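Enquirer: Its first residue numbered 1, the sequence shown is counted upward by one per residue in this note's numbering.
Every residue, glycine too, gets a C-beta built ideally from N, C-alpha and C.
Remember, predicted model here, so these are calculated numbers, not experimental data.
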Amino acid sequence: MPASPDRYELLRKRRERFTRMLHGVEVGKERSLHRARVASRRLRELLPVLQLDADTTRKLARRLKKATDRLGLVRELDVLLSLVNDLAATGQYSTSALRRVALAVTDERQQARVRLLTKSTLTELRRLGAKLEKLERSLAPRGARPRPIRAASRGWRWAVEARIARRASALGEAMTVAGGVYLPDRLHAVRIAVKKLRYALEMSAEIPDGQAPADLTHLRRAQALLGRLHDLQVLIDRVRQLQASPRPTDISAWRDLESLVVPLEDECRRLHGRYVRDRTGLTAICARLSGSGRSTEGKSEKLKVRRT
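1. Apart from the five residues just before and just after Gln-233, which ones in its own chain have a Cβ nearer than 7 Å to its Cβ?
2. Whose C-beta lies closer than 8 Å to the C-beta of Ala-189 among residues of the same chain, with five residues either side of it excluded?
3. Which word fits Ala-244, buried or exposed, when buried means at least 16 other C-beta atoms lie within 10 angstroms of its C-beta?
4. For Asp-78, which residues in the same chain have their Cβ closer than 8 Å to its Cβ, ignoring the five residues on either side in sequence?
5. Name the two residues that bound the continuous alpha helix (DSSP H) containing Tyr-275.
6. With a cut-off of 8 Å on the beta carbons, I'd call Arg-274 and Leu-225 a contact; round off their distance for me.
7. When the Cα of Lys-196 is compared with those of Val-181, Gly-180 and Ala-222, which residue comes out closest?
8. When the Cα atoms are used, what is the spatial distance from Val-25 to Ala-36?
9. From Val-181 to Arg-198, what does the alpha carbon distance come to, in whole angstroms?
10. On a Cα-Cα basis, can you pick out the residue from Tyr-8, Ala-102, Ala-54 and Lys-119 that is closest to Glu-310?
11. Which of helix, strand or coil does DSSP assign to Thr-19?
12. When DSSP labels each residue in this structure, what does Arg-182 get in the three-state scheme?
13. Distance check for Arg-163 and Ala-112, CA to CA, integer angstroms please.
14. Between which two residues does the alpha helix (DSSP H) carrying Ser-94 extend?
15. Using 8 Å as the Cβ pair cut-off and three pairs as the minimum, do the segment 14–24 and the segment 86–95 touch?
16. Could you spell out the range, first to last residue, of the alpha helix (DSSP H) harbouring Ser-310?
17. With DSSP collapsed to three states, give me the class of Asp-6.
18. On the criterion of 16 or more Cβ atoms from any shown chain inside 10 Å, does Arg-62 qualify as buried, or is it exposed?
19. Do Ala-102 and Val-74 have their C-beta atoms closer together than 7 Å?
20. Whole angstroms are fine: how far does the CA of Leu-282 sit from the CA of Asp-309?
21. Please work out which residues of its chain come closer than 8 Å, Cβ to Cβ, to Thr-68, disregarding the five sequence neighbours upstream and downstream, and give them in chain order.
22. Among Leu-139, Ala-284, Leu-71 and Leu-50, which one has its Cα closest to the Cα of Ala-214?
23. Buried or exposed: Ala-54, going by 16 or more other Cβ atoms within 10 Å of its Cβ?
24. State the Cα-Cα distance for the pair Asp-107 and Arg-115, rounded to the nearest angstrom.
25. If you compare alpha carbons, which of Ala-130, Ser-82, Arg-127 and Gly-291 is closest to Asp-231?
26. Is Thr-68 helix, strand or coil when you go by DSSP?
27. Any idea what DSSP makes of Ile-149, helix, strand or coil?
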């Protein structure tokens with residue numbers, strides 16, 4: 001496999017973020033878990049453009065997805081509990097209903113953490129990090145310490161552009177399927193597609209001398225909006241599960257939970273209305289990027305990449 005400063009730098013950055021967070025995951029830090037999960041997603045998005053052999057790509061993609069899913073089980077419960085606490089702090093929702101939800105979520109989160117922190121799971125995460133580091137070394141330029149080159153190779157740019165075009169096309173299709181009716185599962189698919197397109201565009205931004213198109217700002221806003229909508233819907237679903245629980249629940253408790261659902265559903269409808277109004281911009285981004293890859297010059301303002 002030929003050495004490549006381009007591929008090496010992108011993989012090194014993402015691999016280091018992933019492995020650096022693993023110690024925090026082991027000791028139960030929420031922020032570390034979140035960042036490790038995001039890093040695993042970015043690594044999965046990078047894999048197809050590293051120009052590896054098909055077998056290596058497939059195996060690594062499978063292992064990264066497994067890691068993402070395992071981290072996600074705990075992360076989603078962390079987010080749900082944080083949302084419950086935020087709603088309680090506003091004083092606008094039933095305290096007793098939120099307390100019921102918090103107790104159920106806390107118990108489930110503890111069980112999920114125990115499963116995540118088993119020796120076998122942590123060992124697999126560390127082995128994955130070691131495998132990625134080995135791959136990183138195989139891509140490193142030989143000789144002196146690698147330095148960023150002034151321009152990425154044409155083949156590398158083509159690979160990234162193709163990835164962007166594919167993700168833009170997938171987002172456009174997801175938005176078409178979702179339509180203008182509030183259907184949580186379809187909007188969740190749109191949210192995931194937005195996230196994947198954002199990660200692909202971020203790769204383009206990190207190519208030496210590259211810049212992030214203003215489309216990234218729009219995608220981040222859309223992701224935040226759809227993420228909030230998704231979190232509220234997950235909370236609604238959790239309340240409905242408590243209402244349908246086989247454990248005895250008196251009618252006053254059921255009504256208390258229902259009083260929580262009504263304003264949450266109203267907020268979901270409001271956020272969905274914002275998405276419907278904003279989707280024209282997303283549609284334009286998809287049409288442009290799916291047809292010409294990263295060719296946004298002259299059509300969208302360029303923003304300098306924030307180096308962190």
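Expert: This is what the structure holds:
1. Position 233 of the sequence shown, counted from the start, is the residue given in the question as residue 233. Pro-184 and Cys-268.
2. The residue given as residue 189 occupies position 189 in the sequence shown. Ala-174, Val-177 and Ala-178, listed in sequence order.
3. For the purposes of this step, residue 244 is identified with residue 244 of the sequence shown, where counting begins at 1. Exposed: under 16 other Cβ atoms inside 10 Å.
4. Stepping through the sequence shown from its first residue, residue 78 is reached at position 78. So the list reads Glu-30, Leu-33, His-34 and Arg-109, once near-sequence residues are dropped.
5. Taking the first residue of the sequence shown as 1, we reach residue 275 at position 275. Run containing Tyr-275: 251–292, per the alpha helix (DSSP H) assignment.
6. Taking the first residue of the sequence shown as position 1, residue 274 is located at position 274. Taking the first residue of the sequence shown as position 1, residue 225 is located at position 225. Correct: roughly 6 Å between the Cβ atoms.
7. As a position in the sequence shown, residue 196 is number 196, starting the count at 1. Of the candidates Val-181, Gly-180 and Ala-222, the one whose C-alpha sits nearest the C-alpha of Lys-196 is Ala-222.
8. By one-based count along the sequence shown, residue 25 stands at place 25. By one-based count along the sequence shown, residue 36 stands at place 36. If you take the alpha carbons of Val-25 and Ala-36, they lie about 8 Å apart.
9. Counted from its first residue, the sequence shown places residue 181 at position 181. Counted from its first residue, the sequence shown places residue 198 at position 198. Cα-Cα distance, rounded: 24 Å.
10. One cannot answer for residue 310 here, as it falls past the ends of the chain, which runs 1 to 308.
11. Against the sequence shown, residue 19 aligns to sequence position 19. In this structure, Thr-19 counts as helix in the three-state DSSP scheme.
12. Residue numbering aside, residue 182 sits at position 182 when the sequence shown is read from its first letter. Position check: residue 182 holds Tyr in this sequence, whereas Arg was assumed. The answer is coil: DSSP assigns Tyr-182 none of H, G, I, E or B.
13. Here residue 112 corresponds to residue number 112 of the sequence shown, with the count starting at 1. Here residue 163 corresponds to residue number 163 of the sequence shown, with the count starting at 1. Those two C-alpha atoms are separated by around 34 Å.
14. Within the sequence shown, residue 94 is the residue found at index 94, counting from 1. Unbroken run through Ser-94: none, as it is neither H nor E.
15. no
16. What the structure shows of the chain is the stretch from 1 to 308, and residue 310 is not part of that stretch, so it cannot be assessed.
17. Position 6 of the sequence shown, counted from the first residue, corresponds to residue 6. In the structure shown, Asp-6 sits in a helix (DSSP, three-state: H, G or I).
18. Position 62 of the sequence shown, counted from the start, is the residue given in the question as residue 62. Arg-62 is exposed by the Cβ-count criterion.
19. The residue labelled residue 102 in the question sits at position 102 within the sequence shown. The residue labelled residue 74 in the question sits at position 74 within the sequence shown. Not in contact: Ala-102 and Val-74 (Cβ atoms no closer than 7 Å).
20. Any question about residue 309 goes unanswered here, given that the chain covers just 1 to 308.
21. The sequence position of residue 68 within the sequence shown is 68, counting from 1. If we look at Thr-68 and ignore the five residues flanking it on each side, its Cβ neighbours are Arg-37, Ser-40, Arg-41 and Arg-44.
22. Position 214 of the sequence shown, counting from 1, holds the residue named residue 214. Nearest option by C-alpha distance: Ala-284.
23. Counting from 1 along the sequence shown, the entry for residue 54 is found at position 54. That one is exposed.
24. As a first step, residue 107 is located in the sequence shown; it is residue number 107 there, counting from the start. As a first step, residue 115 is located in the sequence shown; it is residue number 115 there, counting from the start. Their Cα atoms are separated by approximately 13 Å.
25. Along the sequence shown, read from residue 1 onward, the residue named residue 231 stands at position 231. It is Ser-82.
26. Here residue 68 refers to the residue found at position 68 when the sequence shown is read from its first residue. Three-state DSSP puts Thr-68 in a helix.
27. The residue given as residue 149 occupies position 149 in the sequence shown. Since pLDDT at Ile-149 reaches only 45, below the 50 mark, its modelled position is unreliable, and the value read off the structure follows with that caveat. Ile-149: coil per DSSP, three-state reduction.
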